[in-house]
Amino acid sequence: CAALLGEGATDALDIVKGLLDSKDPKVRVQAALVLAFMGREKSAATVLEDAYSNVPRECKLTILEALGAIGSEESLPFLVRTLDEPFQITRVVAASSIIQCLYH
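Per my numbering, numbering through the sequence shown is continuous, rising by one, with the last residue being 574.
As structure tokens, this is what we get:
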């Protein structure tokens, strides 16, 4: 996917964006992560937020980081809710993403 998303690869991002509608939840999440980290695509945030409760903790951390990379203030309510989670690392990553959203 990295080769696909080289310089000037807006067409490739459009292809990946189409995967946000996949029936496979794993494909949707992976596409959203690529779009978050490579394109700061705001439409990926909804997919990531929807998937959050159904993924393992390690993936939750990646989702929180991706939401920070997108930097949309629309994700702030979701990120603030994650500050109530029991794991400290989750709260730290959520707080970091909140800061990124506020200062993008």
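The C-beta atom is built at its ideal place from N, Cα and C for all residues, glycine as well.
**Request:** Measure the C-alpha to C-alpha separation of Glu519 and Leu531 and round it to an integer number of angstroms.
**Result:** Residue 519 sits at position 49 when you count from the first residue of the sequence shown. Residue 531 sits at position 61 when you count from the first residue of the sequence shown. Approximately 12 angstroms between the Cα atoms of the pair.
**Whole-angstrom distance between Ala502 and Ser487, CA atom to CA atom** = On the sequence shown, residue 487 is found 17 positions in, with the first residue counted as 1. On the sequence shown, residue 502 is found 32 positions in, with the first residue counted as 1. In the sequence on display, residue 487 carries Lys and not Ser. The alpha-carbon atoms of Lys487 and Ala502 are separated by roughly 8 angstroms.
**Item:** Segment limits, alpha helix (DSSP H) that includes Lys512
**Value:** In the sequence shown, counting from the first residue as 1, residue 512 sits at position 42. Looking at the DSSP string, Lys512 is not in any alpha helix (DSSP H), and its letter there is neither H nor E.
**Limits of the unbroken alpha helix (DSSP H) element including Ser567** = Stepping through the sequence shown from its first residue, residue 567 is reached at position 97. Unbroken alpha helix (DSSP H) run through Ser567: 558 to 572.
**Request:** Under 8 angstroms by Cβ, that's how I've got Gly462 and Ser566 pegged, so tell me the actual separation to the nearest angstrom.
**Result:** Since the displayed the chain opens at 471 and closes at 574, residue 462 lies outside it and no answer follows.
**Asked** So is Phe548 buried or exposed if we call it buried at 16+ other beta carbons inside 10 Å?
**Response** Along the sequence shown, one-based indexing puts residue 548 at 78. Under this definition Phe548 is a buried residue.
**Prompt:** If you draw a straight line from the alpha carbon of Leu564 to that of Pro495, how long is it in whole angstroms?
**Reply:** To locate residue 564, count along the sequence shown from 1; it is residue 94. To locate residue 495, count along the sequence shown from 1; it is residue 25. It should be pointed out that residue 564 corresponds to Ala in this sequence rather than to Leu. Cα to Cα, Ala564 sits roughly 22 angstroms from Pro495.
**Prompt:** Between Ser492 and Leu572, what straight-line distance do the alpha-carbon atoms span, to the nearest angstrom?
**Reply:** Locating residue 492 in the sequence shown gives position 22, counting from the first residue. Locating residue 572 in the sequence shown gives position 102, counting from the first residue. Going from the Cα of Ser492 to the Cα of Leu572 covers about 31 angstroms.
**Prompt:** Helix or strand or just coil, what does DSSP make of Leu553?
**Reply:** The sequence position of residue 553 within the sequence shown is 83, counting from 1. Residue state, collapsed to three classes: coil.
**Prompt:** Under the three-state reduction of DSSP, which class applies to Asp484: helix, strand or coil?
**Reply:** Counting from one through the sequence shown, the residue named residue 484 turns up at place 14. Helix.
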